[in-house]
Amino acid sequence: MNKIAPIPTKMIGNVSAADKSPRQVGEQFRRLIRSGYQLRADGQAKTDPANLMRIGYTPKYEIELFRMRFFLCNQRDAEGLKVMPAYVLPGTSLGREKPTIHARVFYKDSSLVWRSASHYINTPEMGWIGKGAVRLQHKRGASDWYSAEETTDLPFEMQAALDEVSHRGRRKQNDKRILSLVLRNAPSNRIWPYQDFEAPRERAMKVKANRINDNRSIAWFTDDDDPRSLQIKAGFEPDFSAVIDVSTSRSSMYGGKIEKYRIASTNRRIQYLFVAGPNQVWLVNPQALTIELSSYGLRTVDVIADDELSIPGYEFFDNAGTGELDDQIPPGFAGPMCPVDPDRADASPWNERLPVVQSFRRLILAKRVATNK
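In numbering that gives the first Met the number 0, the protein residues as written are 0 to 372.
This is the structure we're talking about:
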C-alpha cells in the first residue's frame, strides 16, 4: 500500500481573474468539452450536463488557483441567495486521463465569504442549501449535531477575485432552476453531505501531518457566555505584522466599503480573514495553507475553531420573538435589527468584545487610519 504524502502548503497573495473576455472564456470552455473533457452535474442536469450551456449557463470568467481552474457564470439571485454557477476543473498530471469538470454552485454568505454548496434540499416543507460537513457540538450544557459551514468556504486566496467578477455582467433575477439543476437533490432530513464531498477530506485526514492541531480546536471560550474569555492555541494566534493581502469591495447590507484582511498565524500554519465594514468587524473561520482542493473547489484540510469566533456582522436572530428562528447570536449579545433583513441582528456586542477583534482594530485599522490622514 502506497503511503499518502502530506499535502504541501503555500502562502500566496490574492489571485485575480484571467485577463480574458467573456467570449474568450466561453469559447475556451467549449473547446475543452469538444476535446474530450467530461462534464458532470449532480442535480437534475446529470443526464445531459452539456445542456447547461445551451440554456444560458455559459462561463464568462476564469480564475486559477493551485492548478485548479474555475469557470464562472454571471452572478444571479436564486432563492434569496447571490449565486454564481461554476465549473471546476482539477489540474491535470502528465500521463493521466483528462479529469472530469464538475458543475457547482458558489454563493455568498452573510459573512461576505463565497462558498461552494454541498447539496440542496428542495421539498414542499423545506428549501435549504447544504453547508458541508457536520460535527457534534457541546455548548451551554447541550449537545447537538450542526453543519460546520466553514467546510464550504472557498479558499481565501480567491475571495477577492470572486467579489470582483460577481459585479461584472448582467445580473439575472430570481433564477429558479440553477440550484436543482446542478446540486444533488437531497431528502428533507439530509443535512450531512454526500461521499464525493467527504471522501477527499477523509483521505487528507489519514495523514497526521495534515491535521491542524491534530484536529482539535485552535480557539475556544473558557466561559461560553463571555467573549472576553476567548483562548487561542499558542502558535495559532494571528500575527498582525504578517498581513498576506488586503482586498476591497462593497456591501449594501453592511452600508458601504468592505475591507478583507488575510493575516497569517504566528506559526504560519493557518490564515485568518478579518472583514471590516463601515461600522463592524468580524472574522471568518480560519483556513489552512494547504494547496489541495476537492472537486468542490474546497480545501480538504479543516481548521477547527469555536463557531462563535466567527459570527458575521449580521446574523440570524429572532427579532420578532415568535420562536420561528433559532438565534445564532449568543444570549444577551444581539444588537439592533439589520436594516435590510428583519431576521438578522447586529452581532457587534459579541464581536467587539473578542480580544482578537480589539487587537485587529488597534494594530491594523487604527494604524491604517493614522497613515491615511
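Glycine residues also receive a C-beta, built at the ideal position from the N, C-alpha and C atoms. All of these numbers come straight from a predicted model, not from anything done at the bench.
Taking 8 Å as the cut-off, the beta carbon of N121 is found closer than this to the beta carbon of S179.
For E323, there is no enclosing alpha helix (DSSP H), as DSSP marks it with neither H nor E. Between M83 and F65, the CB-CB gap reaches or exceeds 8 Å. N209 is not a Cβ neighbour of P7, given a cutoff of 8 Å. When rounded, the separation of the alpha-carbon atoms in A263 and D301 is 16 Å. With respect to the C-alpha of V87, the residue from P330, E63 and D325 having the closest C-alpha is E63. Boundaries cannot be given for Q37, as no beta strand (DSSP E) includes it and DSSP labels it neither H nor E. As DSSP reads the structure, A77 sits in a beta bridge with L80. Take the alpha-carbon of E291 and the one of P199: they are about 9 Å apart. Just measuring C-alpha positions, the residue of D223, L353, K232 and S228 sitting nearest N214 is K232. In terms of Cα proximity to A304, the closest of Q37, D76 and W219 is W219. Taking a 10 Å sphere around the C-beta of V339, we find fewer than 16 other C-beta atoms and assign the residue as exposed. The C-beta separation of R343 from S110 comes to about 11 Å, leaving the pair out of contact by the 8 Å criterion. Ranked by Cα distance from N284, the options W113, R139 and F316 are led by W113.
Looking at the DSSP output, V245 bridges to Y260. Taking 8 Å as the cut-off, the beta carbon of V133 is found no closer than this to the beta carbon of S115.
Listed in chain order, the non-local C-beta contacts of K130 below 6 Å within the same chain comprise S146, E148 and T151, local neighbours out to five positions each way being set aside. By the CB criterion at 8 Å, L153 and L297 fall inside the cutoff.
By the neighbour-count definition (other C-beta atoms within 10 Å, threshold 16), I128 is a buried residue.
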